[in-house]
Amino acid sequence: MDRKNCKIGVFDSGLGGVTVLKRLLKDLPYEEYIYYGDSGNAPYGSGKTKEEIQNLCTKIMDFLIENNCKVVVIACNTATVAALEYLKENYSIPIIGIIDSGAKIAIQNSSLKKVAVFSTEFTANSNAYKNTIQRYDKDFEVTQIACIEFCPMIEKGWETFDNNQEILEKYINKIPDNVDALVLGCTHYPIIENYIKKKFNKIILDPAVGISFELKRLLESLNILNDNKIKKKPVFFTTGELDKFKPTAEKFLGEEIEIYKIPK
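Quick note on full-length UniProt numbering: the sequence shown kicks off at 1 and runs consecutively.
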């Protein structure tokens, strides 16, 4: 089978990676996508060890390979931190993580070289963004803020929480005044970007923009970019509850989705 016609696997701990998929669908519309949202095991960013996350990601990789994927995009910052190198060592197909894209977009957009990063507890504690940004430019100041409540609230439905504005303000208030850009260092967070914009009026950065460019470059370099000009709808799989996942994903993507429940 021509590898050009194989699929691209996109996975996340839950709904968050849909924000990345939306960008990929816009920039690479003729690729065929499979999305795996591991909502049944979410959140990854609090209460799980590195080894536990690696084991969950291994199960997902096996599923995506069985479903004929040519490349896998880890659309999850926490999984990128915990498992990217591990997965690259254990699988032969190309795998892309999201941290590097987020770091590069921060460097390109912060003229003051002072950025804040909203992320999960696991990502913040790993110093992944700080280390990656400073590897490219050691003069950058990076404030990492663990937004522990965000992912569970987004998975369950952000609008259903009466205290969502109070929670949001708690984390916005942790951003230093001298920062000129905020990186959304968890793929769940663009789902509530409009709420964040109302409280933070400086630059807000979504790493999905960079990962889309990186994926296209990879596909071209391996000569596996799909050259059929036929758009196919992505297929979704989740280990969580369909009645939670489906409406939020459809609202964000602006269209109905084909989705199946699988064991966690």
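Glycine is no exception: its CB is placed at the ideal position from the N, C-alpha and C atoms.
**Asked** By how many angstroms is the C-alpha of residue 43 removed from the C-alpha of residue 52?
**Response** Position 52 of the sequence shown holds residue 52. Position 43 of the sequence shown holds residue 43. Looking at the backbone, the Cα of residue 52 and that of residue 43 are separated by about 12 Å.
**Request:** Enumerate in chain order the residues of its own chain whose CB-to-CB distance from residue 256 is below 7 Å, with the five nearest sequence positions on each side excluded.
**Result:** As a first step, residue 256 must be located in the sequence shown, where it is residue number 256. Closer than 7 Å at Cβ, skipping near neighbours: 250.
**Item:** residue 134 versus residue 115: straight-line alpha-carbon distance, rounded
**Value:** In the sequence shown, counting from the first residue as 1, residue 134 sits at position 134. In the sequence shown, counting from the first residue as 1, residue 115 sits at position 115. Here the alpha carbons of residue 115 and residue 134 stand approximately 11 Å from one another.
**Asked** Span of the beta strand (DSSP E) holding residue 236?
**Response** Indexing the sequence shown from 1 puts residue 236 at position 236. Residue 236 -> beta strand (DSSP E) spans 235-238.
**residue 117, enclosing alpha helix (DSSP H) - first and last residue** = Along the sequence shown, read from residue 1 onward, the residue named residue 117 stands at position 117. Per DSSP, residue 117 is not a residue of any alpha helix (DSSP H); the beta strand (DSSP E) it occupies stretches across 114-119.
**Prompt:** So the beta strand (DSSP E) residue 69 belongs to, where does it begin and stop?
**Reply:** As a working mapping, residue 69 is identified with position 69 in the sequence shown. First-last of the beta strand (DSSP E) with residue 69: 69-74.
**Asked** Taking the continuous alpha helix (DSSP H) assigned at residue 42, which residues delimit it?
**Response** The residue given as residue 42 occupies position 42 in the sequence shown. That residue, residue 42, is in no alpha helix (DSSP H); it is neither H nor E in DSSP.
**Asked** According to the Cβ coordinates, are residue 104 and residue 6 closer than 8 Å?
**Response** Walking along the sequence shown from the start, residue 104 turns up at place 104. Walking along the sequence shown from the start, residue 6 turns up at place 6. Against a cut-off of 8 Å, the Cβ pair of residue 6 and residue 104 comes out as no contact.
**Message:** Taking 8 Å as the threshold (C-beta atoms), are residue 40 and residue 186 in contact?
**Reply:** On the sequence shown, position 186 is the one that residue 186 refers to. On the sequence shown, position 40 is the one that residue 40 refers to. Remark: C-beta atoms of residue 186 and residue 40 do not approach each other more closely than 8 Å.
**Neighbourhood of residue 204 by C-beta distance below 7 Å, restricted to the same chain and skipping five residues each side** = Walking along the sequence shown from the start, residue 204 turns up at place 204. So the list reads 182, 184, 193, 196 and 197, once near-sequence residues are dropped.
**Request:** Grab the span of the beta strand (DSSP E) containing residue 260 for me, first residue to last.
**Result:** The residue given as residue 260 occupies position 260 in the sequence shown. For residue 260, the enclosing beta strand (DSSP E) begins and ends at 258-261.
**Message:** For residue 11, list the residues DSSP reports as bridge partners.
**Reply:** Residue numbering aside, residue 11 sits at position 11 when the sequence shown is read from its first letter. Per DSSP, 36 and 74.
**Item:** When 143, 142 and 160 are compared against residue 150, the one with the closest alpha-carbon
**Value:** Here residue 150 refers to the residue found at position 150 when the sequence shown is read from its first residue. Comparing C-alpha distances from residue 150 to each of 143, 142 and 160 shows the shortest one belongs to 160.
**Message:** Quick check: residue 96 and residue 219, are their CB atoms within less than 8 Å of each other?
**Reply:** Position 96 of the sequence shown, counted from the first residue, corresponds to residue 96. Position 219 of the sequence shown, counted from the first residue, corresponds to residue 219. Against a cut-off of 8 Å, the Cβ pair of residue 219 and residue 96 comes out as no contact.
**Cβ pair residue 28, residue 216 closer than 8 Å** = For the purposes of this step, residue 28 is taken as the residue at position 28 of the sequence shown. For the purposes of this step, residue 216 is taken as the residue at position 216 of the sequence shown. Against a cut-off of 8 Å, the Cβ pair of residue 216 and residue 28 comes out as a contact.
**Asked** DSSP state of residue 141, grouped into three classes?
**Response** As a working mapping, residue 141 is identified with position 141 in the sequence shown. Annotated three-state conformation of residue 141 is strand, per DSSP.
**Item:** Presumed contact (8 Å Cβ cut-off) between residue 76 and residue 12, rounded CB distance
**Value:** Counted from its first residue, the sequence shown places residue 76 at position 76. Counted from its first residue, the sequence shown places residue 12 at position 12. Sure, about 4 Å apart at Cβ, within 8 Å.
**Message:** Rounding to the nearest angstrom, what Cα-Cα distance links residue 68 and residue 141 in this structure?
**Reply:** Numbered from 1 along the sequence shown, position 68 holds the residue referred to as residue 68. Numbered from 1 along the sequence shown, position 141 holds the residue referred to as residue 141. Distance between the alpha carbons of residue 68 and residue 141 is about 42 Å.
**Prompt:** First and last residue of the beta strand (DSSP E) that includes residue 205?
**Reply:** Numbered from its first residue, the sequence shown carries residue 205 at position 205. First-last of the beta strand (DSSP E) with residue 205: 203-205.
**Message:** Within the continuous alpha helix (DSSP H) that includes residue 28, where are the two ends?
**Reply:** For the purposes of this step, residue 28 is identified with residue 28 of the sequence shown, where counting begins at 1. Run containing residue 28: none; DSSP gives neither H nor E here.
**Message:** I'd like the span of the beta strand (DSSP E) that includes residue 184, first residue to last.
**Reply:** As a working mapping, residue 184 is identified with position 184 in the sequence shown. Under the DSSP assignment, residue 184 falls in the beta strand (DSSP E) whose first and last residues are 181-184.
**Request:** Just the C-alpha distance for residue 123 and residue 129, rounded to the nearest angstrom, thanks.
**Result:** Numbered from 1 along the sequence shown, position 123 holds the residue referred to as residue 123. Numbered from 1 along the sequence shown, position 129 holds the residue referred to as residue 129. Approximately 8 Å, taken between the alpha carbons.
**Message:** Helix, strand or coil for residue 96? Go by DSSP, reduced to three states.
**Reply:** Against the sequence shown, residue 96 aligns to sequence position 96. Strand at residue 96.
**Prompt:** So the alpha helix (DSSP H) residue 210 belongs to, where does it begin and stop?
**Reply:** Counting from 1 along the sequence shown, the entry for residue 210 is found at position 210. First-last of the alpha helix (DSSP H) with residue 210: 208-221.
**Asked** Given residue 54, which residues of its chain have a CB within under 7 Å of its CB, disregarding the five upstream and five downstream residues?
**Response** Reading the sequence shown from its first residue, position 54 is the one you call residue 54. Contacts found: 82, 83 and 86.
**Extent of the continuous alpha helix (DSSP H) to which residue 62 belongs** = Along the sequence shown, one-based indexing puts residue 62 at 62. It spans 50-66 - the alpha helix (DSSP H) in which residue 62 sits, taken as one unbroken run.
**Message:** Rounded to the nearest angstrom, what separates residue 172 and residue 79 at their Cα positions?
**Reply:** The residue given as residue 172 occupies position 172 in the sequence shown. The residue given as residue 79 occupies position 79 in the sequence shown. CA-CA distance, residue 172 to residue 79, rounds to 24 Å.
**Asked** When the Cα of residue 3 is compared with those of 36, 222 and 89, which residue comes out closest?
**Response** As a first step, residue 3 is located in the sequence shown; it is residue number 3 there, counting from the start. Nearest C-alpha to residue 3: 222.
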